[in-house]
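No gaps in the numbering here: position 43 of the sequence shown is 43 in full-length UniProt numbering, and each next residue is one more.
Here a beta-carbon is modelled for each residue, glycine too, at the ideal position from N, C-alpha and C.
A short write-up of the structure that comes next.
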Amino acid sequence: MLTTVMFFQHSKQLVKSLLTAGDGWKLRIVNCPKREFRAKGNNRRVNAAKERKRQGNSAYGDGGQVLVFEQSD
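Below, the structure is given as structure tokens:
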């Protein structure tokens, strides 16, 4: 119980999941709060990396592809 409370103190997303998700999520969080806490952290890192990649690719135009135009003389 104390471990579960500790994870709720450090993860707003876990609290949100507990309050808004169905019973399946509640059981997952209560049964293994450490694993769910790590999963939330991993998802956050993966999503941040995807966003960085998307931002980097947008500088090139179409999906990160560099467009090359031939100049005719």
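Check: Rounding to the nearest angstrom, what Cα-Cα distance links ARG45 and ARG52 in this structure?; Outcome: 10 Å
Check: Could you give the distance in angstroms between the alpha-carbon of ARG28 and the alpha-carbon of GLY56?; Outcome: 36 Å
Check: Taking only three categories from DSSP, how would you classify GLY22?; Outcome: coil
Check: Looking only at its own chain, which residues have a Cβ that is under 7 Å from the Cβ of LYS40, when we skip the five neighbours before and after it?; Outcome: SER11, GLN13 and LEU14
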